[in-house]
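For the sequence shown, the residue numbers in mature numbering (1 follows the signal peptide of the UniProt record, and there is no 0) are -27 to -1, 1 to 163. No residue lacks a Cβ here, since even glycine has one placed at the ideal position from N, Cα and C. Report on the structure given below.
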Amino acid sequence: MLGARHSHSSAALLSAVVLLHVQAAAAVSFQVLVPADPLSAPLGGTVLLPCHLSPPLSAQAMQVKWSRPQLGQDVHVYLPDGSQVQAERYQGRTELLRDRIQSGSLALRIRNLTLQDEGRYLCDFQSNSIVGNATLELRVTNDFFPQVSSWKVGLFLFLSVCVCLLFFPACYLWRVQRAKRKSSNLTTKT
C-alpha cells in the first residue's frame, strides 16, 4: 500500500513539474521596440510614432497605451475589447494604426503638431501577466524660425568679427594710400 502511495505521489509530482514547465513555455516574453534616435517633424505637420513587439505577436488582446510620462497624461489607449480612449488635448489629432496589430505593431499618428507635442512618448503593451514598454523622443521643428545650435551662432559671430577686423583696417589703409597717391600726383604736376 505504501508503495502505491509513493508511486501515486511521484506521478502527481511529475505531472506538476511537467505542467509548470508547459506553463512557463507558454508565458511568452517580448520586447517593445521604438526608434532609438529622436524623430523630427515640422510644426503643423504630421508624424508617425512607430512601436512594435519583438518577436512579432498579436497585440489584439492587449492594452496598448501611448502616453507622455513627464506630463502624466495618456495620449491614446487601445483596449483589449478593441475600443479606444483618446485624450481631450489630442482629440481629432491622433490615430492608432491598427492594420498590423496581428504582428504586434501599433503606431501612433499625430496630426497638426504643436510645439507642446514635443517631448518623450511611452509606448506600453500589457497582456494578462506581461508588461513591456519603450520610450521615444519627438522633436517639433519650426521651419519659419529654424532652431540653430548655439555653437553655430557663436561661430557666425566670431567669423563676422574677424571679417570686420580685417575689412575696416584694409579700407582705411586703401584710403590712406589713395590719398598719398593723389597728393603725390598733385606735387609732381606742379
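Residue i - DSSP class collapsed to helix/strand/coil
| i | result |
| --- | --- |
| residue 74 | helix |
| residue 84 | coil |
| residue 19 | coil |
| residue 33 | coil |
| residue 24 | coil |
| residue 50 | strand |
| residue 14 | strand |
| residue 79 | coil |
| residue 140 | helix |
| residue 91 | coil |
| residue 43 | coil |
| residue 59 | strand |
| residue 64 | coil |
| residue 5 | strand |
Rounded straight-line distance, which links the Cα of residue j to that of residue i
| i | j | result |
| --- | --- | --- |
| residue 4 | residue 20 | 23 Å |
| residue 33 | residue 15 | 32 Å |
| residue 61 | residue 129 | 44 Å |
| residue 140 | residue 156 | 24 Å |
| residue 151 | residue 143 | 12 Å |
| residue 91 | residue 115 | 11 Å |
| residue 103 | residue 125 | 47 Å |
| residue 137 | residue 148 | 16 Å |
| residue 135 | residue 146 | 17 Å |
| residue 154 | residue 127 | 41 Å |
| residue 65 | residue 106 | 25 Å |
| residue 46 | residue 97 | 13 Å |
| residue 59 | residue 10 | 26 Å |
| residue 86 | residue 73 | 24 Å |
| residue 42 | residue 49 | 13 Å |
| residue 160 | residue 131 | 44 Å |
Given residue i as reference, the closest of the options once Cα atoms are compared
| i | options | result |
| --- | --- | --- |
| residue 27 | 160, 65 and 77 | 77 |
| residue 54 | 10, 37 and 67 | 37 |
| residue 68 | 82, 74 and 75 | 82 |
| residue 229 | 49, 91, 10 and 2 | Absent from the structure is residue 229, since the part of the chain shown begins at -27 and ends at 163. |
| residue 18 | 113, 97, 137 and 135 | 113 |
| residue 70 | 86, 25 and 42 | 25 |
CB contact flag (residue i, residue j, <7 Å)
| i | j | result |
| --- | --- | --- |
| residue 51 | residue 57 | yes |
| residue 35 | residue 100 | yes |
| residue 80 | residue 23 | yes |
| residue 111 | residue 12 | yes |
| residue 40 | residue 95 | yes |
| residue 108 | residue 93 | yes |
| residue 89 | residue 31 | no |
Contact with chain C by residue i, beta-carbon distance below 7 Å
| i | result |
| --- | --- |
| residue 12 | Any reference to chain C falls outside this structure, which holds one protein chain only. |
task = Note down, one range per segment and in chain order, each beta strand (DSSP E) of at least 3 residues found wholly within the segment 104 to 135.
result = Counting whole runs of 3 or more residues, the segment 104 to 135 contains the beta strand (DSSP E) stretches 104 to 114.
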